[in-house]
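Student:
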Amino acid sequence: MNDAVKSDNILLEVRNISLSFGGVTALEDISFDIRRGEVRAIIGPNGAGKSSMLNVINGFYHPQQGEIWFDGKIRHHMRPHEVAKLGIARTFQNIALFKGMTTLDNLMTGRIIKMRANILWQEVWKGPAEREEVEHRQRVEEIIDFLKIQSIRKTPVGKLPYGMQKRVELGRALAAESKLLLLDEPMAGMNLEEKEDMCRFVLDVNEQFGTTIALIEHDMGVVMDISDRVVVLDYGKKLADGSPDEVRNNKAVIDAYLGVSHD
Amino acid sequence: MTDTFPRRLIENAEKFSERPAIREKDLGIWQTWTWRQMRDEIFDFANGLSTLGFSRGDKLAIVGTNRPRLYWGICAAQCLGGIPVPVYADSVAEEMRYVLEHAEASIVLAEDQEQVDKVLEVMSGVDRLKCVIYDDSRGLKDYDHSFLHDFSEVQESGRRLAQEKPDFLSREIELGTGSDTAIILYTSGTTGHPKGVVLTHDNVLITSLNSARMDNLTEKEEMLSYLPLAWVGDHIFSYGQAYVTGMCSNCPESEATVHSDIREIGPTYYFAPPRVFEQLLTSVMIRMEDAGRLKQRMFHAFMAVASRCGTDILDGNPVSLSDRILYTIGNWLIYAPLKNTMGFSRIRVAYTAGEAIGPEIFDFFRSLGVNIKQLYGQTEAAVFITAQPDGEVYADTVGKPSPDVEVKITDDGEVVYRSPGVFQCYYKNEKATHETKNEEGWVMTGDAGYFDDKGHLKIIDRAKDVGKLKSGALFAPKYIENKLKFFPQIKEVVALGRDMDHAAAIVNIDLDAVGNWAERNNIPYSSYQELAGHPRIYEMIKSNIEQVNRDLSEDSVLSGCQIRRFLILHKELDADDGELTRTRKVRRRIIAEKYGVLINALYSDAQNCHVSTEVTFEDGRKGTIEGDLRIEDAQVFESLRKAG
Chain G
1 MNDAVKSDNI LLEVRNISLS FGGVTALEDI SFDIRRGEVR AIIGPNGAGK
51 SSMLNVINGF YHPQQGEIWF DGKIRHHMRP HEVAKLGIAR TFQNIALFKG
101 MTTLDNLMTG RIIKMRANIL WQEVWKGPAE REEVEHRQRV EEIIDFLKIQ
151 SIRKTPVGKL PYGMQKRVEL GRALAAESKL LLLDEPMAGM NLEEKEDMCR
201 FVLDVNEQFG TTIALIEHDM GVVMDISDRV VVLDYGKKLA DGSPDEVRNN
251 KAVIDAYLGV SHD
Chain Z
264 MTDTFPRRLI ENAEKFSERP AIREKDLGIW QTWTWRQMRD EIFDFANGLS
314 TLGFSRGDKL AIVGTNRPRL YWGICAAQCL GGIPVPVYAD SVAEEMRYVL
364 EHAEASIVLA EDQEQVDKVL EVMSGVDRLK CVIYDDSRGL KDYDHSFLHD
414 FSEVQESGRR LAQEKPDFLS REIELGTGSD TAIILYTSGT TGHPKGVVLT
464 HDNVLITSLN SARMDNLTEK EEMLSYLPLA WVGDHIFSYG QAYVTGMCSN
514 CPESEATVHS DIREIGPTYY FAPPRVFEQL LTSVMIRMED AGRLKQRMFH
564 AFMAVASRCG TDILDGNPVS LSDRILYTIG NWLIYAPLKN TMGFSRIRVA
614 YTAGEAIGPE IFDFFRSLGV NIKQLYGQTE AAVFITAQPD GEVYADTVGK
664 PSPDVEVKIT DDGEVVYRSP GVFQCYYKNE KATHETKNEE GWVMTGDAGY
714 FDDKGHLKII DRAKDVGKLK SGALFAPKYI ENKLKFFPQI KEVVALGRDM
764 DHAAAIVNID LDAVGNWAER NNIPYSSYQE LAGHPRIYEM IKSNIEQVNR
814 DLSEDSVLSG CQIRRFLILH KELDADDGEL TRTRKVRRRI IAEKYGVLIN
864 ALYSDAQNCH VSTEVTFEDG RKGTIEGDLR IEDAQVFESL RKAG
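Respectively, the protein sequence lines represent chains G and Z.
Taking this note's numbering, the leading residue of the first sequence gets 1, the next gets one more, and so forth.
Taking this note's numbering, the leading residue of the second sequence gets 264, the next gets one more, and so forth.
1. Under DSSP, the alpha helix (DSSP H) around Glu485(Z) begins and ends at which residues?
2. Can you list the beta strand (DSSP E) stretches of 3 or more residues lying completely in the region 181-216 of chain G, in chain order?
3. In angstroms, rounded to a whole number, what distance separates the CA positions of Pro652(Z) and His797(Z)?
4. To the nearest angstrom, how far is it from the Cα of Ser369(Z) to the Cα of Glu274(Z)?
5. For the 8 Å Cβ check, are there 3 or more pairs between the region 506-522 of chain Z and the region 267-282 of chain Z?
6. Check the C-beta distance from Ala493(Z) over to Tyr689(Z) and give it rounded, since I have them as a contact under 8 Å.
7. Quick one: Cα of Arg847(Z) to Cα of Gly841(Z), how far?
8. Between Lys6(G) and the rest of its own chain, which residues show a CB-CB distance below 8 Å, the 5 nearest in sequence each way excluded?
9. Does any C-beta atom of chain Z lie closer than 9 Å to the C-beta of Arg153(G)?
10. Can you tell me the Cα-Cα spacing of Gly606(Z) and Ser570(Z), whole angstroms?
11. Per DSSP, what are the beta-bridge partners of Arg286(Z) in this structure?
12. If I measure Cβ to Cβ from Ser20(G) and keep anything under 7 Å in the same chain, skipping five residues before and after, which residues do I get?
13. Take the Cβ of Met1(G) as the centre, count every other Cβ of all protein chains shown within 10 Å, and call the residue buried at 16 or more, exposed below.
14. Residues bridged to Trp349(Z) by DSSP?
15. Does DSSP put Ser523(Z) in a helix, in a strand, or in coil?
16. Write down the C-beta distance between Ala89(G) and Ala176(G) rounded to the nearest angstrom, noting that I regard them as a contact closer than 8 Å.
17. If you draw a straight line from the C-alpha of Ile722(Z) to the C-alpha of Ser665(Z), how long is it?
18. Using the three-state DSSP reduction, which class does Lys251(G) fall into: helix, strand or coil?
19. Can you check the region 143-185 of chain G for any alpha helix (DSSP H) of at least 4 residues that lies completely inside it and give the ranges in chain order?
20. Residues in the region 382-412 of chain Z with C-beta within 9 Å of chain G's C-beta atoms, listed in sequence order?
21. Please classify Ile149(G) as buried or exposed, where buried requires at least 16 other C-beta atoms within 10 Å of its C-beta.
22. Assess contact between the region 519-529 of chain Z and the region 726-738 of chain Z, defined as three or more Cβ pairs (one per stretch) separated by less than 8 Å. Is contact present?
23. So, is the C-beta of Ala554(Z) closer than 9 Å to a C-beta in chain G?
24. Can you tell me where the beta strand (DSSP E) with Ser585(Z) in it begins and where it stops?
25. Could you tell me the alpha carbon to alpha carbon distance between His218(G) and Val39(G), rounded to whole angstroms?
26. For Ile672(Z), collect the residues of the same chain with a Cβ closer than 8 Å to its Cβ; drop the 5 residues on either side in sequence, then sort them by chain order.
27. Whole angstroms are fine: how far does the CA of Thr470(Z) sit from the CA of Gln596(Z)?
28. Under 9 Å, Cβ to Cβ, is there at least one residue of chain Z near Arg137(G)?
29. So if DSSP puts Gly459(Z) in a beta bridge, which residue, or which two residues, is it bridged to?
30. Could you list the residues in the region 276-301 of chain Z with a C-beta less than 7 Å from some C-beta on chain G, going in chain order?
31. Check whether the region 459-473 of chain Z touches the region 295-310 of chain Z, counting contact only when three or more Cβ pairs, one atom from each stretch, lie closer than 8 Å.
32. With the cut-off set at 9 Å, would you say Val231(G) and Asp241(G) are in Cβ contact?
33. So, does the CB of Gln150(G) fall closer than 9 Å to a CB anywhere in chain Z?
34. Who does His873(Z) pair with in a DSSP beta bridge?
35. Tell me the rounded alpha-carbon separation between Cys872(Z) and Asp896(Z).
36. Would you mind telling me which residues of chain G sit closer than 9 Å to Ser517(Z), beta carbon to beta carbon, in chain order?
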């Protein structure tokens with residue numbers, strides 16, 4: 001997928017984004033792009049502005065400067081649900097599921113933006129609403145099968161272990177059948193085995209559904225293994241951008257991660 | 264009567280045409296195939312197999328969990344006069360290589376990517392292997408497809424062949440006879456390499472028919488197919504008896520969903536090894552501890568009623584009117600809802616076998632009205648040697664000889680039998696065949712046992728494991744181990760003592776039960792190892808052992824084998840490390856080699872012992888666990904009755 005450089009191969013592009021909260025500059029003149037079908041990683045030390053970047057793409061924050069191009073069109077001041085409708089789904093660093101609802105119901109909420117029947121039809125639960133529900137359930141069951149979470153289908157999410165909740169959250173994002181999937185630290189707080197499983201799922205999603213993925217991750221091993229290209233942020237600035245190997249050997253990146261000697 | 268499985272399939276497709284033959288839960292919904300549909304699926308696949316060059320006498324290895332297509336593979340191979348060879352789904356690549364090579368498999372039918380990967384890993388060493396057929400295509404898109412085939416594509420080419428040569432398959436089926444080899448089942452083997460047990464169509468069909476008649480099984484039964492495909496029990500229950508009676512086998516969605524799937528199906532006929540019943544009882548008890556006080560009191564009050572009269576009601580014995588009324592109320596309030604939770608509402612007949620079952624566990628389920636019975640069987644006998652008839656069920660026996668089976672006890676105390684189910688031979692192992700089966704067809708079971716005065720067989724232990732202590736007193740390790748394993752907090756035990764001064768034990772605690780107890784008692788722990796070394800756990804296990812010692816002291820024959828010293832092992836015994844067989848039986852020789860240091864320490868005065876053990880993780884990597892283990896003494900009791 002790396003060889004695709006034509007501009008119509010670019011799914012999302014951010015140009016000269018600057019974001020500040022009062023006097024604090026979170027992002028400063030950041031530009032990069034995400035190509036169709038790639039796994040794109042955003043890395044950086046704590047406070048580098050990674051999550052802010054995702055929030056900007058997601059429409060949760062509105063940058064003071066810069067442009068966001070998605071699917072060949074420029075985007076103006078959109079709210080998160082409008083962005084979701086465009087085809088961008090995400091997961092959160094600190095899990096944002098409906099804890100009292102079952103895995104199945106949580107996944108079904110991922111389909112809400114796809115539902116066409118209006119609230120009245122859904123209330124009556126007949127005709128189009130019922131047919132639609134069956135369709136959505138079918139899709140959700142495929143995701144349950146894909147993520148191998150059949151055994152927790154009817155379990156309230158709050159009762160599940162952390163690693164499983166992360167998986168359910170990925171499932172909900174998948175249910176939206178987005179063009180671009182944003183994953184905010186999908187492997188944070190997981191043990192080795194859970195991380196390996198999650199990597200497998202991320203790669204499978206990318207290969208099997210052809211979903212473009214942008215992810216933030218701290219675990220460098222994971223990032224270098226599964227991403228096609230990496231962008232590195234530090235204190236709101238872009239340090240480097242390129243293939244995992246290029247980034248790994250970039251002096252500025254090494255300095256930011258390992259520190260610089262002062263003698 | 265029809266004498267091969269393919270003919271049985273044709274007959275069932277006529278007789279039970281629209282009745283369900285097999286179900287599978289897929290994408291959250293139970294998908295059903297009727298006998299007619301199943302016949303068509305199997306025939307398509309059989310034709311497809313022949314286009315891949317599979318013919319009479321060839322072996323089809325089948326690897327995976329209980330999926331309809333894998334069961335169809337068994338019958339499809341038999342249609343062509345080929346021999347299916349199921350392989351345990353959890354066997355590691357090396358184990359799989361041995362079976363594929365030894366059985367001379369020419370085609371493998373694998374469930375999914377995981378199994379395909381294992382086959383590919385060992386493929387280079389297996390000469391005759393031509394290709395692999397897979398059921399689930401997930402993740403296999405980028406594999407080299409020159410020798411990989413999708414199951415439905417094979418069926419598709421089968422359909423094309425059927426159009427060109429419509430009577431090809433029926434002619435092939437006509438060629439089969441009852442004395443043809445139907446299947447080769449590899450036994451897990453407590454020692455050495457697994458052995459391939461060769462069974463004919465007659466062996467499996469006649470045994471299935473006899474046992475189905477004994478329990479009046481009909482086409483209306485529902486059963487859950489969740490035990491390993493390669494195990495003879497599953498082959499008889501899910502395949503043999505299903506083809507004989509026309510009943511429906513149900514394949515759960517995955518291993519992890521068995522508990523919820525069994526509720527949805529509500530089987531009428533059920534088989535589970537004792538540990539499944541044990542786990543169920545443990546989980547019921549753990550969950551009851553979390554219930555409200557009213558519920559807890561109701562539960563305990565009515566369970567007392569059930570244990571007083573439940574088994575008598577089940578067996579049709581006379582019971583007082585007041586007890587009957589109480590039991591009926593108990594049934595409304597407790598027993599029926601509880602059975603429903605466990606998925607046992609509709610059970611007519613349930614069997615358990617493989618290991619001894621704890622009397623409390625056995626009585627618990629029977630008092631609820633679940634008709635669990637015990638049977639005694641072997642792969643070499645196509646399962647059935649003895650079984651308990653309705654109304655004659657006891658926790659400590661394995662029942663009377665099954666129909667057409669002769670059982671006798673040799674002078675050495677070993678159980679031997681002869682039956683229509685007796686295997687032909689061990690595949691390519693004449694020596695072992697002669698050691699096990701004599702010219703008159705009597706088979707040595709290797710188990711020591713005797714008939715009690717009710718005419719029921721009682722098994723003590725493996726004949727070769729029954730030994731003597733240095734003092735000359737009888738030592739039956741398994742008997743002691745089973746007694747200890749009946750405590751919920753003990754998962755596995757290895758009893759030692761042959762040719763020694765006294766008996767000793769290595770204990771594995773049950774992480775579920777003990778972990779729950781630890782949480783309740785505010786004992787923090789981070790791992791199995793830490794919990795296993797906790798002084799209070801040692802105290803608990805010590806009191807269990809002393810209770811068993813007290814019981815043993817009352818036994819005139821076995822009072823000598825009370826346990827004097829024990830330790831709790833720092834890791835769980837695991838089949839991946841070779842310590843247990845795939846069916847979770849202890850491998851004594853391997854444990855003696857691996858834990859020699861511990862065993863020496865048990866027979867010294869040491870209070871501590873340092874040990875480091877290599878372990879194999881699920882993905883095949885290796886690591887070591889080490890630690891200092893405490894060794895405790897346990898009290899022994901004076902023999903109450905003098906031997907003699």
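All C-beta atoms in this analysis are idealised placements derived from N, C-alpha and C, irrespective of residue type, glycine included.
Tutor: Let me spell this out:
1. Taking the first residue of the second sequence as position 1, residue 485(Z) is located at position 222. Where Glu485(Z) is concerned, there is no enclosing alpha helix (DSSP H), although the beta strand (DSSP E) it sits in stretches over Glu485 to Leu487.
2. Listed in chain order, the complete beta strand (DSSP E) runs (minimum 3 residues) inside the region 181-216 of chain G are 212-216.
3. The residue labelled residue 652(Z) in the question sits at position 389 within the second sequence. The residue labelled residue 797(Z) in the question sits at position 534 within the second sequence. Their backbone Cα atoms lie some 45 Å apart in a straight line.
4. Taking the first residue of the second sequence as 1, we reach residue 369(Z) at position 106. Taking the first residue of the second sequence as 1, we reach residue 274(Z) at position 11. Roughly 29 Å separates the two Cα atoms.
5. Because the criterion of three Cβ pairs below 8 Å is met, the region 506-522 of chain Z and the region 267-282 of chain Z touch.
6. Working through the second sequence from its first residue, we reach residue 493(Z) at position 230. Working through the second sequence from its first residue, we reach residue 689(Z) at position 426. So it is not a contact: roughly 16 Å between Cβ atoms.
7. Start at 1 with the first residue of the second sequence, and residue 847(Z) comes out as number 584. Start at 1 with the first residue of the second sequence, and residue 841(Z) comes out as number 578. Separation of Arg847(Z) and Gly841(Z) (C-alpha to C-alpha, rounded to the nearest whole angstrom) is 10 Å.
8. For the purposes of this step, residue 6(G) is taken as the residue at position 6 of the first sequence. With a pLDDT of 48 at Lys6(G), under the threshold of 50, the modelled position of this residue cannot be trusted, and the question is left open.
9. Position 153 of the first sequence holds residue 153(G). So, interface residue.
10. The sequence position of residue 606(Z) within the second sequence is 343, counting from 1. The sequence position of residue 570(Z) within the second sequence is 307, counting from 1. Gly606(Z) and Ser570(Z) have their C-alpha atoms some 20 Å from each other.
11. Taking the first residue of the second sequence as position 1, residue 286(Z) is located at position 23. Bridge partners of Arg286(Z): Thr295(Z) and Asn513(Z).
12. In the first sequence, the residue the question calls residue 20(G) occupies position 20. Around Ser20(G): Ala26 and Gln64.
13. By 1-based counting over the first sequence, the position of residue 1(G) is 1. Only weak support is given to the placement of Met1(G): the predicted model assigns it a pLDDT of 41, under 50, and the value that follows is read from those uncertain coordinates. Exposed: under 16 other Cβ atoms inside 10 Å.
14. Start at 1 with the first residue of the second sequence, and residue 349(Z) comes out as number 86. The identity of residue 349(Z) in the sequence shown is Pro, whereas the question assumes Trp. Beta-bridge pairing links Pro349(Z) to Ile325(Z).
15. For the purposes of this step, residue 523(Z) is identified with residue 260 of the second sequence, where counting begins at 1. Three-state DSSP puts Ser523(Z) in a helix.
16. Translated into positions along the first sequence, residue 89(G) becomes position 89. Translated into positions along the first sequence, residue 176(G) becomes position 176. Indeed they touch by this definition, with Cβ atoms about 4 Å apart.
17. By 1-based counting over the second sequence, the position of residue 722(Z) is 459. By 1-based counting over the second sequence, the position of residue 665(Z) is 402. Rounded to the nearest angstrom, the two C-alpha atoms are 16 Å apart.
18. Mapped onto the first sequence, residue 251(G) falls at position 251. In the structure shown, Lys251(G) falls within a helical segment according to DSSP collapsed to helix, strand and coil.
19. Counting whole runs of 4 or more residues, the region 143-185 of chain G contains the alpha helix (DSSP H) stretches 162-175.
20. Within the region 382-412 of chain Z, the qualifying residues are Arg401, Gly402, Lys404 and Asp405.
21. Counted from its first residue, the first sequence places residue 149(G) at position 149. Classified as buried, Ile149(G) has 16 or more neighbouring CB atoms from the shown chains inside 10 Å of its CB.
22. In short, these stretches do not touch, since the Cβ pair count stays below three.
23. Along the second sequence, read from residue 1 onward, the residue named residue 554(Z) stands at position 291. Chain G has no Cβ within less than 9 Å of the Cβ of Ala554(Z).
24. Here residue 585(Z) refers to the residue found at position 322 of the second sequence. Element bounds for Ser585(Z): not the beta strand (DSSP E) but the alpha helix (DSSP H), Leu584 to Gly593.
25. Within the first sequence, the letter at position 218 stands for residue 218(G). Within the first sequence, the letter at position 39 stands for residue 39(G). Near 15 Å, if we compare the C-alpha coordinates of Val39(G) and His218(G).
26. As a working mapping, residue 672(Z) is identified with position 409 in the second sequence. Shown here for Ile672(Z): same chain residues with a beta carbon closer than 8 Å to its own, the five before and five after excluded, namely Val678, Val679, Gly712, Tyr713 and Phe714 in chain order.
27. On the second sequence, position 333 is the one that residue 596(Z) refers to. On the second sequence, position 207 is the one that residue 470(Z) refers to. Looking at the sequence itself, residue 596(Z) is Leu, so the reference to Gln does not match. Each residue's alpha carbon lies about 41 Å from the other.
28. Reading the first sequence from its first residue, position 137 is the one you call residue 137(G). Chain Z contact via Cβ: present.
29. Within the second sequence, numbered from 1, the residue matching residue 459(Z) stands at position 196. According to DSSP, Gly459(Z) bridges with Tyr449(Z).
30. Going along the region 276-301 of chain Z in chain order, one finds Leu290 and Gly291 with a Cβ nearer than 7 Å to chain G.
31. Contact fails: fewer than three Cβ-Cβ distances are below 8 Å.
32. Sequence index remark: in the first sequence, residue 231(G) carries index 231 (1-based). Sequence index remark: in the first sequence, residue 241(G) carries index 241 (1-based). Yes; because the gap between Cβ atoms is below 9 Å, this pair is in contact.
33. Counting from 1 along the first sequence, the entry for residue 150(G) is found at position 150. For Gln150(G), the answer is yes, since a Cβ of chain Z falls inside 9 Å of its Cβ.
34. As a working note, residue 873(Z) is residue 610 in the second sequence. Per DSSP, the beta-bridge partners of His873(Z) are Asp891(Z).
35. Along the second sequence, read from residue 1 onward, the residue named residue 872(Z) stands at position 609. Along the second sequence, read from residue 1 onward, the residue named residue 896(Z) stands at position 633. Distance between the alpha carbons of Cys872(Z) and Asp896(Z) is about 14 Å.
36. Locating residue 517(Z) in the second sequence gives position 254, counting from the first residue. Here the neighbours are Lys148, Gln150 and Ser151.
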